[in-house]
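Chemist: Structure below; questions to follow.
Number of protein chains: 2
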Amino acid sequence: MKRKRSYSRVTKQALSVFGKLIRVGRTTRGMTAQDLADRANISRTTLHNIEKGAPGPEIGTVFEVAALVGVRLFDADDSTLTVQNARLDEKLTLLPKSVRVSKQEIDDDF
Amino acid sequence: MKRKRSYSRVTKQALSVFGKLIRVGRTTRGMTAQDLADRANISRTTLHNIEKGAPGPEIGTVFEVAALVGVRLFDADDSTLTVQNARLDEKLTLLPKSVRVSKQEIDDDF
DNA sequence: GTCTTATGTCCAATATAATGAACGAATACA
DNA sequence: TGTATTCGTTCATTATATTGGACATAAGAC
Chain H
3 MKRKRSYSRV
13 TKQALSVFGK
23 LIRVGRTTRG
33 MTAQDLADRA
43 NISRTTLHNI
53 EKGAPGPEIG
63 TVFEVAALVG
73 VRLFDADDST
83 LTVQNARLDE
93 KLTLLPKSVR
103 VSKQEIDDDF
Chain Z
3 MKRKRSYSRV
13 TKQALSVFGK
23 LIRVGRTTRG
33 MTAQDLADRA
43 NISRTTLHNI
53 EKGAPGPEIG
63 TVFEVAALVG
73 VRLFDADDST
83 LTVQNARLDE
93 KLTLLPKSVR
103 VSKQEIDDDF
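If you read the protein sequences in the order shown, they are chains H and Z.
Heads up: the first sequence at position 35 corresponds to 37 in the numbering used here, and the numbers run straight through without jumps.
Heads up: the second sequence at position 9 corresponds to 11 in the numbering used here, and the numbers run straight through without jumps.
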């Protein structure tokens, strides 16, 4: 079946910013595209797509590349992420594990 | 050729956090997995993988889902992203468009 | 406790990303 | 300005994500 995705404005913007952050990180560190691609174990073509802000690349790959050039996600380093992870686990135990009433209006403000 | 990826600790942590943020966002809004999947035009299986923090899903899809449940990357909304985008463009014009010396040591501190 | 629904998981089929090679064009440095 | 190198792009092949269906289990409502 044909997939045919569409992406919202914010998503496209976020992808674009992300890609540019990576490119800036790479060039300021004096790495060629091939260099970075090799370190990330991906092809130069895929890296190019990432820097271009394409929606297709796998998120794990993009995150890995970002880490290699010092682009932080959630403004967090390793230890901060660990803490955040633990907090989210806590939060999830308090939340219902399964959502009941599917016919409810979406709570969009808070 | 076999691909066989490996992911660093930070990457895994970030993926995990991201997935949990999405799940928290979804449940607090009272949406079922099927609900959210339908809105994002993806299968429930893929959404499950995203919430699990799997590295495979396409980054565009994950960003889209995140936006749907109010999870922001870079703590930025649409207009902020636009500004950031412009700044990065500016920055990129100042940077060399192509990196020369590939045999240089990586500048890791700044 | 019962019952209904959401979730976790597996699967074969299909769509798509990843690869690596190739080539021209742009770019940096002597 | 010359020139080696990096970048942007296309393409066929290969690897993998996505899908939708199915089923068992968990969880919430009564």
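The beta carbon of each residue, even a glycine, is placed where N, CA and C say it ideally should be.
1. Using a 10 Å radius around the Cβ and a threshold of 16 neighbouring Cβ atoms, would you call T13 (chain H) buried or exposed?
2. I'd like to check one pair, G58 (chain H) with G62 (chain Z): are the Cβ atoms closer than 8 Å?
3. Assign T47 (chain Z) to buried or exposed, taking buried as 16 or more other Cβ atoms, counted over all protein chains shown, within 10 Å of its Cβ.
4. Under the assumption that I24 (chain H) contacts I52 (chain H) (Cβ atoms under 8 Å), give the Cβ distance between them as a whole number of angstroms.
5. For D80 (chain Z) and Q15 (chain H), which I take to be in contact (beta-carbon distance under 8 Å), what is that distance rounded to the nearest angstrom?
6. Would you say L75 (chain H) reaches chain Z, if we count a Cβ-Cβ gap shorter than 8 Å as a contact?
7. Does T95 (chain Z) pass the burial test, meaning 16 or more other C-beta atoms within 10 Å, or should it be called exposed?
8. Take D77 (chain H) as the anchor and find which of Z:E92, Z:L97, Z:F20 has the nearest alpha-carbon.
9. Anyone know if the C-beta pair for S18 (chain Z) and G55 (chain Z) falls short of 8 Å?
Modeler: Reading off the structure:
1. Position 11 of the first sequence holds residue 13 (chain H). Buried: at least 16 other Cβ atoms inside 10 Å.
2. For the purposes of this step, residue 62 (chain Z) is taken as the residue at position 60 of the second sequence. For the purposes of this step, residue 58 (chain H) is taken as the residue at position 56 of the first sequence. When the beta-carbon positions are compared, G62 (chain Z) and G58 (chain H) come within less than 8 Å of each other.
3. One-based indexing of the second sequence puts residue 47 (chain Z) at position 45. A residue is called buried once 16 or more other Cβ atoms fall within 10 Å of its Cβ, and T47 (chain Z), having fewer, is exposed.
4. Walking along the first sequence from the start, residue 24 (chain H) turns up at place 22. Walking along the first sequence from the start, residue 52 (chain H) turns up at place 50. Rounded to the nearest angstrom, the Cβ distance from I24 (chain H) to I52 (chain H) is 6 Å, consistent with a contact under 8 Å.
5. Counting from 1 along the second sequence, the entry for residue 80 (chain Z) is found at position 78. Counting from 1 along the first sequence, the entry for residue 15 (chain H) is found at position 13. Contact between D80 (chain Z) and Q15 (chain H) holds, since their C-beta atoms are separated by about 6 Å, short of 8 Å.
6. Taking the first residue of the first sequence as position 1, residue 75 (chain H) is located at position 73. Output row for L75 (chain H): interface = yes.
7. Position 93 of the second sequence, counted from the start, is the residue given in the question as residue 95 (chain Z). Result: exposed.
8. Position 75 of the first sequence, counted from the start, is the residue given in the question as residue 77 (chain H). Nearest to D77 (chain H) by C-alpha distance, out of Z:E92, Z:L97, Z:F20, is Z:F20.
9. The sequence position of residue 18 (chain Z) within the second sequence is 16, counting from 1. The sequence position of residue 55 (chain Z) within the second sequence is 53, counting from 1. Yes, Cβ-Cβ distance for S18 (chain Z) and G55 (chain Z) is below 8 Å.
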